[in-house]
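Reviewing the structure listed below.
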Amino acid sequence: EARANMEGSWSPAAGGGYRWLGAGEERLDRALVAGLMLDAALGASPWPPDPQAQSRALKIRVQEALLFHLAGRITLDRFRTLIHTLERSFSFYFPLLTSLLPHPDETPAPPPAATQAAHDAFPGSRAVSRDLLAEALGRMQNILPRRPRSKLTGPKLHDFLCRTRGVWFRLRDFQEYFSVDRKTAWEYVQKFLQAGLLVHNQARAAAVRYGLADRFLKVQAGAIHREVAAALADLPSPLASQVADRLIASAGEPFWEEEWRCVLPAAHFPEILQRLTGPASLLEVVCSGDGKNRLLRLQPRWLNPLAKHIE
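So, in structure tokens, the structure goes:
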């Protein structure tokens, strides 16, 4: 292994191959980064044909893998060190992995059933305080059906509300999930509103939505909706609701800003992030990475002090 006091890079070695010109990175860190890059390169997802786009896509997937596997399990300083290792070593490892990236025509699109199965394999959102919700439902047995074969049971209601991730849902969503008629769905939703389990968005007709009460969420959903609406008041109206929903579903946990690029209009993407990351706004920068894909999270003041958070 070549040793030199310079930023992470690579160069051809005598007799072919490559040599590492790192600056004292721990071997464990480099092995972890290299392993994640290899795992991402061998994944079944199609890759863009352009090398520059491939590089960007691979780095994003490795960043997401680091966040998914390590967030909450290591200290923030340790996490930043690993991100820095990725930035310094990426240009060394990427040329070694390009031959492993499948071309778009070599990667068949998975059938819908396989796509759904892959989606279901991910763990559920942590936006909901599941234990608090379970305790509350245990005290509401008097408003739940008591028939042995009822379609609406406490465990099934718990599952539905956790799946909402704290964001608004329609009466139709409730109706279809429990396979009940509209009248029955409406009657139960009204009972849950009166019991303080749900809240109403105060809209009318087709715009009516319901949501899990703040006391069961990791974040202050009502306050976040109001703050986002004020921050994005001059942008197209659906954006504020969309952004607020994603912030609530994040449960206050870190996320990469690139995760939002595919769901927000490109024309408004930079402006939205700029407004949300202001000192008095909603988000804080946890780690800058390469400056193009920052690690963000809700500022602590937007978390629910009554909920238990995963550190």
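In terms of the numbering used here, the sequence shown opens at residue 868 and continues consecutively.
Ideal placement from N, C-alpha and C gives every residue a C-beta, glycine not left out.
Handout entry: Selection from Ser956, Asn1171 and Glu931 that minimises the alpha carbon distance to Glu893
Key = Ser956
Problem - Cβ distance (whole Å) where Phe1041 is taken to contact Arg1076 below 8 Å - result: Incorrect: roughly 11 Å between the Cβ atoms, too far for contact.
Practice task
Have a look at Leu1000, Phe1045 and Leu1028 and flag the residue whose alpha-carbon is nearest the alpha-carbon of Arg1016.
Solution key: Phe1045
Exercise for the section: Taking all protein chains shown into account, decide if Thr965 is buried (16 or more other Cβ within 10 angstroms of its Cβ) or exposed. Expected result: exposed
Practice task
Flag this pair as touching only if the segment 1076-1089 and the segment 1017-1036 have three or more C-beta atom pairs under 8 Å; answer yes or no.
Solution key: yes
Practice task
Go through the segment 1083-1144 residue by residue and report every complete run of the alpha helix (DSSP H) that reaches 4 residues or more, in order.
Solution key: 1088-1098, 1104-1116, 1125-1128 and 1136-1143
Handout entry: Coarse secondary structure for Gly1005, derived from DSSP in three states
Key = helix
Problem - Three-state class that DSSP yields for Glu1054 in the structure shown - result: helix
Handout entry: Range of the contiguous alpha helix (DSSP H) that encloses Ala929
Key = It should be noted that the sequence gives Val, not Ala, for residue 929. That run of the alpha helix (DSSP H) goes Pro918 to Leu937.
Handout entry: Simplified DSSP state of Glu954, which is helix, strand or coil
Key = helix
Practice task
Less than 8 Å between the CB atoms is what I'm expecting for Val1066 and Cys1029, so what's the real figure, rounded?
Solution key: In fact, because the Cβ distance is near 16 Å, the residues do not count as touching under 8 Å.
Exercise for the section: May I ask you to report which of helix, strand or coil DSSP gives Glu1151? Expected result: strand
Exercise for the section: Return the residue from the list Tyr960, Leu1162 and Gly1063 that minimises the CA-CA distance to Ile1010. Expected result: Gly1063
Practice task
Let me know the secondary structure DSSP gives Leu1063 once reduced to three states.
Solution key: The residue you asked about is not Leu; residue 1063 is Gly in the sequence shown. Three-state DSSP puts Gly1063 in coil, outside helix and strand.
Problem - DSSP state of Val995 mapped onto helix, strand, coil - result: strand
Handout entry: Lys1159 to Glu1125 span [Cα, whole Å]
Key = 8 Å
Practice task
Could you check how far apart the C-beta atoms of Leu833 and Leu909 are, in whole angstroms? I think they sit under 8 Å.
Solution key: Because the chain is modelled from 868 through 1178, residue 833 falls outside the range shown and cannot be assessed.
Practice task
With Arg1164 as the anchor, note down where its beta strand (DSSP E) starts and where it stops.
Solution key: Leu1162 to Leu1165
Practice task
Express the C-alpha separation of Gln930 and His936 in angstroms, rounding to a whole number.
Solution key: 10 Å
Problem - Cβ separation of Leu1004 and Pro1012, assumed to be a contact under 8 Å, to the nearest whole Å - result: That belief does not hold up - the Cβ atoms of Leu1004 and Pro1012 are roughly 13 Å apart, past 8 Å.
Exercise for the section: Quick one: grab the DSSP three-state call for Leu1170. Expected result: strand
Practice task
Have a look at Glu1151, Trp1169 and Pro1167 and flag the residue whose alpha-carbon is nearest the alpha-carbon of Arg1161.
Solution key: Glu1151
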